[in-house]
Amino acid sequence: MNLSDLNPNQLEAVKATGGPILIFAGAGSGKTRVLTHKIAYLIEEIGLPPENILAVTFTNKAAQEMSERVTSLVQINTSKMSIGTFHSICAGILRQNIHHLGYTNSFTIYDSSDSKTLVKNIIKDMNLDPKQFDASSYQYMISSKKNMLMSPQDVAESAEGYIDEKLADIYINYQSELEKNNALDFDDLLILPIKLFNEHPNILDYYRQKYKYILVDEYQDTNKPQFQFINLLSEVHRDIFVVGDDDQSIYGWRGADVRNILDFSEQYPDSKVIKLEQNYRSTGNILDAAYSVVSKNESRADKKLWTENAKGSKIKLVECFDDRQEANKVLEMIFDSSFPKSEIVVLYRTNAQSRVIEDALRKNAVPYQIIGGVKFYERKEIKDALAYLRIVTNPDDGLSFNRVVNFPPRGIGKTSIDKINDYLNKNNLGYLDLNIEDLSIGPKQKKELGDFLSFIKKLNGNKDRPAIEILLDIINEIDLKNYYLNQPNVESHERWKNVEELITSIEEYSEQNKDKNLSDFLEEVSLLTDIDRHNTDYESITLMTIHSAKGLEYSLVFIVGLEEGLFPITSYSSLENDIDEERRLFYVGSTRAMKQLVLSYAKKRMKYGYEMILSSKSRFLDEIPLELLDIDGGNSNIFASNRMASNDSRQKKNLNINYQTSSTIKVGDNVHHKVFGNGRVVQISGFGDTQQISIRFVGNVTKKLMKKYANLSKID
DNA sequence: CTTAAATACTTTTTT
DNA sequence: AGTATTTAAG
Numbered sequence: 070m071n072l073s074d075l076n077p078n079q080l081e082a083v084k085a086t087g088g089p090i091l092i093f094a095g096a097g098s099g100k101t102r103v104l105t106h107k108i109a110y111l112i113e114e115i116g117l118p119p120e121n122i123l124a125v126t127f128t129n130k131a132a133q134e135m136s137e138r139v140t141s142l143v144q145i146n147t148s149k150m151s152i153g154t155f156h157s158i159c160a161g162i163l164r165q166n167i168h169h170l171g172y173t174n175s176f177t178i179y180d181s182s183d184s185k186t187l188v189k190n191i192i193k194d195m196n197l198d199p200k201q202f203d204a205s206s207y208q209y210m211i212s213s214k215k216n217m218l219m220s221p222q223d224v225a226e227s228a229e230g231y232i233d234e235k236l237a238d239i240y241i242n243y244q245s246e247l248e249k250n251n252a253l254d255f256d257d258l259l260i261l262p263i264k265l266f267n268e269h270p271n272i273l274d275y276y277r278q279k280y281k282y283i284l285v286d287e288y289q290d291t292n293k294p295q296f297q298f299i300n301l302l303s304e305v306h307r308d309i310f311v312v313g314d315d316d317q318s319i320y321g322w323r324g325a326d327v328r329n330i331l332d333f334s335e336q337y338p339d340s341k342v343i344k345l346e347q348n349y350r351s352t353g354n355i356l357d358a359a360y361s362v363v364s365k366n367e368s369r370a371d372k373k374l375w376t377e378n379a380k381g382s383k384i385k386l387v388e389c390f391d392d393r394q395e396a397n398k399v400l401e402m403i404f405d406s407s408f409p410k411s412e413i414v415v416l417y418r419t420n421a422q423s424r425v426i427e428d429a430l431r432k433n434a435v436p437y438q439i440i441g442g443v444k445f446y447e448r449k450e451i452k453d454a455l456a457y458l459r460i461v462t463n464p465d466d467g468l469s470f471n472r473v474v475n476f477p478p479r480g481i482g483k484t485s486i487d488k489i490n491d492y493l494n495k496n497n498l499g500y501l502d503l504n505i506e507d508l509s510i511g512p513k514q515k516k517e518l519g520d521f522l523s524f525i526k527k528l529n530g531n532k533d534r535p536a537i538e539i540l541l542d543i544i545n546e547i548d549l550k551n552y553y554l555n556q557p558n559v560e561s562h563e564r565w566k567n568v569e570e571l572i573t574s575i576e577e578y579s580e581q582n583k584d585k586n587l588s589d590f591l592e593e594v595s596l597l598t599d600i601d602r603h604n605t606d607y608e609s610i611t612l613m614t615i616h617s618a619k620g621l622e623y624s625l626v627f628i629v630g631l632e633e634g635l636f637p638i639t640s641y642s643s644l645e646n647d648i649d650e651e652r653r654l655f656y657v658g659s660t661r662a663m664k665q666l667v668l669s670y671a672k673k674r675m676k677y678g679y680e681m682i683l684s685s686k687s688r689f690l691d692e693i694p695l696e697l698l699d700i701d702g703g704n705s706n707i708f709a710s711n712r713m714a715s716n717d718s719r720q721k722k723n724l725n726i727n728y729q730t731s732s733t734i735k736v737g738d739n740v741h742h743k744v745f746g747n748g749r750v751v752q753i754s755g756f757g758d759t760q761q762i763s764i765r766f767v768g769n770v771t772k773k774l775m776k777k778y779a780n781l782s783k784i785d
């Protein structure tokens, strides 16, 4: 095979076999090329059958691309290779073997919002105060425990104090509820294979035999369960090949452990380490700027990327007075640039920042694709439709049953649903075993429930039909189209359109995967991310978070919102050491750029639609040497005047004016109220005597008052 | 039980 | 601002 397009280090990586191998692959150093050539080399030169190869990638899309590229490199049929994300590989193993663990192979995969609903229900059932026991934080804590491979019993045994004990109780109930529903959350997908391997050595042996060579991409973002999984499989043959870059570790918050890559040589003393430090992607200036920020981190493997590429243009730094101006400047620069739209990306720290940018693009008819945010499969109408499909495949899925038992409304209200659930819990039954006559609900409710159940039973008896047929049966039976179209509001028409899109996607799936059934489709849907649906052929600007941009590259990259508090982000609980991960995130974002990098920040930014946040520019900008920057002083008049206002003398003068006319209280001011105390103005609405003012007082209480009577005094 | 209106809550990143 | 949840009216 042809390996002539590889540099010496890449070639060494491809040819190295026998024993554990770690590739430190910097951004843009051609690691995808190494991985694909490596797999091709294993097949063609070493003679390893494709079915003995396991390659783990970070997204489904990366898996698909890798599989295509390998296929184009070798002459052999490669369809039996196992390439996928940790979650999809694990789901596949569990489909075959989960009956050993007390589930059935028609299990449902719960996404985070399903898990959160489950936690919320449990907190309610335990009669705990939902204010004190916030479902989101408990969901997060349970997930953390799972990532530490702690069972509910482990947590119970190590619990110290009331909160810990309650967490253990919630976790115990959560896990048993999942089991009862024959459902797995995202963490279970990774943990249960380990349990399976530990409890059934013969199954572990089978997979050790099967996966004779294991490759892992983005190794710096693996967590403890993922490490265990790989480690168990490769313990005997030791043919493991991992690729990663500690500078690009950005998933610490969800349990990823950089130590996995940093300690690789200690964990595998017989291992070999190869570094890829030549960057082929970016200009010299972009690399220097990115490096100047990430090199401020103390605990990192020492290495520096270099490139033969030209220095290129300087990094553009754009200062704006608010987020709307920032969006407009991005828009202008897009118009001025000569790059095709598919080569341009706008990156941000939080999904909420997309809206202003979107507005500017939409108003100017610039086509764009947005990745993330409210994901397609998380929309209410889609989840409702999927819940029907779920209860057909998995008749134990109580959560989905509750979701649709009265959707569309069929007269079974809250009271009736509570009675149904009480009855089921007391008698330890699934909803398909319901004996309607035993329930003390109204006659109309009994009839409706009976009809609903017999419909589900009918579908359930014939669930191996093509998924699309089942979906269409459901939509017809519940008359979903008319339900949405008969409502006068625009959103419900939009909802029906989304349902139509779901129909199309199932049609395509059934067409392309004739051997796959409904539960395969549901599995794919649960594990699909927005980035997997991203279409790069389409001529449009892309908008996404920096996290989603991992592994991608664009000619022109904008990173917006470089402000202290936003990027690096701060929250009440975050500690200083999170700054390192923010820095790496900046590094990941800026190294996506091939030709031109634009950084911007705004002095004022809206939050929650009305609250004004004032902030200063990100410390990261100060860490980039001035000679790499081309600073945009702004060209609009408003901006110019605003800029002058930041002069010391001018600013003082403005402040003086404010003090003199203290009756002109404006948004952002701190004020005192005789009854409510001190607070900050978040909104002013209306005119003259009817003008109202919203103030967020100490203790996070917001009150809306008539400005005329509020009798506020301004404070410093 | 259903619907509309009022209120509360959200925003860090995602498999 | 947008969504979810609670309350009030029908």
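Numbering-wise, the first sequence is residues 70 to 785 according to the numbering used here. Glycine residues also receive a C-beta, built at the ideal position from the N, C-alpha and C atoms.
Please say whether residue j and residue i have beta carbons closer to each other than 8 Å?
{"i": "Gln208", "j": "Lys185", "result": "yes"}
{"i": "Asn471", "j": "Tyr282", "result": "no"}
{"i": "Ile525", "j": "Val461", "result": "yes"}
{"i": "Leu284", "j": "Ala124", "result": "yes"}
{"i": "Phe176", "j": "Leu104", "result": "no"}
{"i": "Ala671", "j": "Glu632", "result": "yes"}
{"i": "Met613", "j": "Val414", "result": "yes"}
{"i": "Gly519", "j": "Pro464", "result": "no"}
{"i": "Met675", "j": "Asp392", "result": "yes"}
{"i": "Asp180", "j": "Ser469", "result": "no"}
{"i": "Val363", "j": "Arg661", "result": "no"}
{"i": "Glu395", "j": "Ser669", "result": "yes"}
{"i": "Ala359", "j": "Ser659", "result": "yes"}
{"i": "Thr126", "j": "Met135", "result": "yes"}
Around the C-beta of residue i, are 16 or more other C-beta atoms found within 10 angstroms, so that it is buried, or is it exposed?
{"i": "Pro294", "result": "buried"}
{"i": "Asp74", "result": "exposed"}
{"i": "Glu696", "result": "exposed"}
{"i": "Val188", "result": "buried"}
{"i": "Gln336", "result": "exposed"}
{"i": "Ala109", "result": "buried"}
{"i": "Ile92", "result": "buried"}
{"i": "Lys721", "result": "Unreliable positioning characterises Lys721 in this predicted model, as indicated by a pLDDT of 24, which lies under 50. The coordinate reading is nonetheless provided below. Counting Cβ neighbours within 10 Å, Lys721 comes out exposed, since fewer than 16 surround it."}
{"i": "Pro221", "result": "buried"}
{"i": "Gly755", "result": "The pLDDT assigned to Gly755 is 49, lower than 50, so where the model puts this residue is not dependable; a value taken from the coordinates is nonetheless given after this. So Gly755 ends up on the exposed side."}
{"i": "Met195", "result": "exposed"}
{"i": "Gly757", "result": "Unreliable placement is indicated for Gly757, whose pLDDT of 47 sits below 50; the coordinate value is still reported in the next sentence. Per the 10 Å Cβ criterion, exposed."}
{"i": "Ala434", "result": "exposed"}
{"i": "Gln79", "result": "buried"}
Specify the secondary structure class of residue i as computed by DSSP and reduced to three states.
{"i": "Phe636", "result": "coil"}
{"i": "Ser669", "result": "strand"}
{"i": "Thr614", "result": "strand"}
{"i": "Met663", "result": "strand"}
{"i": "His742", "result": "strand"}
{"i": "Leu416", "result": "strand"}
{"i": "Asp491", "result": "helix"}
{"i": "Thr154", "result": "strand"}
{"i": "Val629", "result": "coil"}
{"i": "Asn723", "result": "Legend: pLDDT at Asn723 = 28, less than 50; position of this residue unreliable, value from coordinates given subsequently. DSSP places Asn723 in helix when its eight states are reduced to three."}
{"i": "Phe708", "result": "Model confidence at Phe708 stands at a pLDDT of 36, short of 50, so the residue's coordinates are unreliable and nothing is read from them."}
{"i": "Ser687", "result": "coil"}
{"i": "Asn76", "result": "coil"}
{"i": "Ser220", "result": "coil"}
{"i": "Gln729", "result": "For Gln729, the predicted model reports a pLDDT of 22, less than 50, meaning its position is unreliable and no value from the coordinates is stated."}
Using 8 Å for Cβ pairs, my map puts residue i next to residue j. What's the rounded Cβ distance?
{"i": "Val327", "j": "Gln289", "result": "6 Å"}
{"i": "Glu113", "j": "Met150", "result": "Actually they do not touch by this definition, with Cβ atoms about 13 Å apart."}
{"i": "Asn831", "j": "Lys383", "result": "Because the chain here runs from 70 to 785, residue 831 falls outside it and cannot be looked at."}
{"i": "Ser334", "j": "Ala325", "result": "Not quite, the Cβ-Cβ distance comes to about 19 Å (not below 8 Å), so this is no contact."}
{"i": "Glu576", "j": "Ile178", "result": "Contact doesn't hold; Cβ gap of about 22 Å is too wide."}
{"i": "Asn129", "j": "Asp601", "result": "5 Å"}
Quick one: complete alpha helix (DSSP H) runs, 4+ long, within the stretch 296–350?
Listed in chain order, the complete alpha helix (DSSP H) runs (minimum 4 residues) inside the stretch 296–350 are 328–331, 333–336.
For a minimum of 4 consecutive residues, which ranges assigned as the alpha helix (DSSP H) are wholly contained in the stretch 238–301?
Under the rule that a run must span 4 or more residues, the alpha helix (DSSP H) segments found entirely inside the stretch 238–301 read 255–268, 270–279.
Residue ranges of each beta strand (DSSP E) run of no fewer than 3 residues wholly in the stretch 354–391, ordered along the chain?
As far as the stretch 354–391 is concerned, its whole beta strand (DSSP E) runs of at least 3 residues are 384–391.
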